[in-house]
Ligand SMILES: CNc1ncnc2c1ncn2[C@@H]1O[C@H](COP(=O)(O)OP(=O)(O)OP(=O)(O)O)[C@@H](O)[C@H]1O
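Printed below as a string of structure tokens:
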């Protein structure tokens, strides 16, 4: 049986640039990614997304300004835990990105995303995000470098997707 752990992943972007963070420790260390992490007890997914963004790069966003743009599921060979990742995006934020103990933030042009130094799955679903399409993708890994199989689909609505998922 698969155990599910919920994570957030937040991208700050405008029409030409996206903010990524260089992960300095822990899961996904030494790679660029969005900002996020595990849910703490008694917080909503949106609250967790806001908290992690603040903790990791010192930017403030309002929960209402976060758009849920996709859902990712990661499984790893011989690991019973499925990572269930809610992806958010916004261009509304306050503050200036600052380096923290966990992440070093940097703006990238949308046509210069450093996929070679990111999770291998990112190159598959980033194109959906960059074209403002909603997506649902699943990736099954062997170790952390090899994707054994994956599936990705465009969604019409995240609300409909989650409504169907919970039935
Ligand atoms: C496997 N392919 C993947 N592709 C893209 N993104 C991935 C990912 N796998 C995990 N992620 C994201 O990486 C962050 C990890 O968070 P992580 O540091 O473990 O969480 P948290 O900050 O709570 O941990 P601490 O216990 O405080 O270190 C979190 O945003 C999560 O969505």
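In the working numbering, the protein residues as written are 178 to 344.
For every residue, glycine included, the Cβ atom is placed at its ideal position computed from N, Cα and C.
Delimiting residues of the beta strand (DSSP E) encompassing residue i
i: residue 331; result: 323 to 332
i: residue 288; result: No beta strand (DSSP E) holds residue 288; DSSP gives it neither H nor E.
i: residue 315; result: 311 to 319
Candidates the options, of which the one nearest residue i by Cα
i: residue 178; options: 195, 252 and 196; result: 252
i: residue 233; options: 329, 289, 209 and 255; result: 209
i: residue 214; options: 319, 192, 183 and 190; result: 183
i: residue 268; options: 303, 241, 311 and 201; result: 241
i: residue 270; options: 300, 221 and 191; result: 191
Where residue i sits in the DSSP three-state scheme
i: residue 190; result: strand
i: residue 185; result: strand
i: residue 338; result: helix
i: residue 302; result: helix
i: residue 179; result: coil
CB contact flag (residue i, residue j, <7 Å)
i: residue 187; j: residue 205; result: no
i: residue 272; j: residue 235; result: yes
i: residue 306; j: residue 245; result: no
i: residue 329; j: residue 297; result: no
In chain order, what are the residue ranges of uninterrupted alpha helix (DSSP H) at least 4 long that sit wholly in the segment 209 to 272? List check, alpha helix (DSSP H) in window: 222 to 234.
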